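See below for the structure under consideration.
Residue numbers (the numbering used here): 13 to 112.
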(Lines of atoms letter the chains of each structure in order from A; the text may use other names.)
(Lines give C-alpha, C1' and ligand atoms only; values in the text may rest on other atoms or scores of the structure.)
Protein backbone atom coordinates (compact mmCIF):
# COMPACT_ATOMS: atom_id res chain seq x y z
CA UNK A 13 0.00 0.00 0.00
CA UNK A 14 1.22 3.51 -0.77
CA UNK A 15 1.07 5.29 2.56
CA UNK A 16 0.98 8.78 1.03
CA UNK A 17 -2.21 8.07 -0.92
CA UNK A 18 -3.72 5.17 1.00
CA UNK A 19 -4.08 3.24 -2.28
CA UNK A 20 -2.95 -0.28 -2.95
CA UNK A 21 -1.15 -1.06 -6.18
CA UNK A 22 -2.00 -4.03 -8.31
CA UNK A 23 0.94 -6.34 -8.93
CA UNK A 24 1.82 -6.29 -12.60
CA UNK A 25 2.70 -9.36 -14.65
CA UNK A 26 6.36 -10.03 -15.45
CA UNK A 27 7.51 -7.46 -18.03
CA UNK A 28 8.56 -8.18 -21.56
CA UNK A 29 12.09 -7.01 -22.31
CA UNK A 30 12.17 -4.33 -25.02
CA UNK A 31 15.42 -3.48 -26.72
CA UNK A 32 15.89 -0.12 -28.40
CA UNK A 33 19.32 -0.91 -29.79
CA UNK A 34 20.60 -3.74 -31.97
CA UNK A 35 22.57 -6.60 -30.36
CA UNK A 36 25.77 -5.23 -31.99
CA UNK A 37 25.17 -1.76 -30.53
CA UNK A 38 24.27 -3.22 -27.15
CA UNK A 39 27.66 -4.95 -26.83
CA UNK A 40 29.38 -1.57 -27.13
CA UNK A 41 27.18 0.29 -24.64
CA UNK A 42 27.84 0.80 -20.96
CA UNK A 43 25.07 -0.30 -18.56
CA UNK A 44 24.14 2.44 -16.09
CA UNK A 45 21.66 2.77 -13.27
CA UNK A 46 19.07 5.56 -13.46
CA UNK A 47 21.18 7.46 -10.93
CA UNK A 48 24.23 7.00 -13.16
CA UNK A 49 22.34 8.32 -16.19
CA UNK A 50 21.19 11.38 -14.26
CA UNK A 51 24.76 12.08 -13.14
CA UNK A 52 26.39 11.40 -16.53
CA UNK A 53 28.24 14.23 -18.24
CA UNK A 54 28.66 14.69 -21.97
CA UNK A 55 32.16 14.24 -23.36
CA UNK A 56 33.57 17.44 -24.86
CA UNK A 57 32.30 18.08 -28.39
CA UNK A 58 29.29 15.74 -28.16
CA UNK A 59 25.58 16.51 -27.93
CA UNK A 60 24.36 13.15 -26.62
CA UNK A 61 25.47 9.84 -25.14
CA UNK A 62 23.86 6.45 -25.57
CA UNK A 63 23.69 4.04 -22.64
CA UNK A 64 21.47 1.14 -21.59
CA UNK A 65 19.49 0.85 -18.38
CA UNK A 66 17.32 -2.08 -17.36
CA UNK A 67 14.24 -1.15 -15.35
CA UNK A 68 11.12 -2.81 -14.02
CA UNK A 69 7.79 -1.01 -13.75
CA UNK A 70 6.44 -1.89 -10.33
CA UNK A 71 3.25 0.16 -10.36
CA UNK A 72 1.27 2.80 -12.15
CA UNK A 73 -0.11 5.77 -10.26
CA UNK A 74 -3.57 6.70 -11.43
CA UNK A 75 -5.11 10.15 -11.54
CA UNK A 76 -2.11 11.99 -12.95
CA UNK A 77 -3.08 11.56 -16.59
CA UNK A 78 -0.96 9.92 -19.24
CA UNK A 79 -0.23 13.01 -21.30
CA UNK A 80 0.49 16.69 -20.86
CA UNK A 81 -0.29 19.77 -22.92
CA UNK A 82 2.90 20.89 -24.63
CA UNK A 83 4.15 24.02 -26.33
CA UNK A 84 4.05 23.74 -30.15
CA UNK A 85 7.50 25.43 -30.34
CA UNK A 86 9.61 23.64 -27.73
CA UNK A 87 7.44 20.65 -26.60
CA UNK A 88 7.71 21.61 -22.90
CA UNK A 89 4.67 21.59 -20.65
CA UNK A 90 2.39 24.64 -20.86
CA UNK A 91 0.56 26.11 -17.85
CA UNK A 92 -3.13 27.00 -18.06
CA UNK A 93 -3.95 30.66 -17.42
CA UNK A 94 -7.40 32.31 -17.35
CA UNK A 95 -7.82 32.56 -21.12
CA UNK A 96 -4.86 30.78 -22.71
CA UNK A 97 -1.80 28.60 -22.01
CA UNK A 98 1.67 29.87 -21.15
CA UNK A 99 5.07 28.31 -21.91
CA UNK A 100 7.64 29.22 -19.26
CA UNK A 101 10.49 28.07 -21.51
CA UNK A 102 9.51 30.27 -24.50
CA UNK A 103 7.97 33.03 -22.34
CA UNK A 104 4.97 33.08 -24.70
CA UNK A 105 1.23 32.47 -24.54
CA UNK A 106 -0.41 30.00 -26.91
CA UNK A 107 -3.77 28.42 -27.65
CA UNK A 108 -2.19 25.92 -30.01
CA UNK A 109 -0.88 23.38 -27.49
CA UNK A 110 -0.30 19.74 -28.41
CA UNK A 111 -1.03 16.76 -26.15
CA UNK A 112 2.07 14.56 -25.65
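Quick reminder that beta carbons are idealized off the backbone N, C-alpha and C, glycines included.
Model, not experiment: these values are computed from the prediction.
- Boundaries of the alpha helix (DSSP H) around residue 47: 46 to 51.
- The shortest C-alpha to C-alpha distance from residue 36 to any of 64, 57, 47, 79 is the one to 64.
- Looking at the DSSP output, residue 111 bridges to 81.
- For residue 92, the beta-bridge partners assigned by DSSP are 97.
- With contacts defined as CB atoms closer than 8 Å, residue 79 and residue 111 qualify as a contacting pair.
- A direct Cα-Cα distance of roughly 10 Å separates residue 23 from residue 69.
- Take the alpha-carbon of residue 104 and the one of residue 75: they are about 28 Å apart.
- Around the CB of residue 86, fewer than 16 other CB atoms lie within 10 Å, so the residue is classed as exposed.
- Membership of residue 106 in the beta strand (DSSP E) is indicated by the continuous run 104 to 106.
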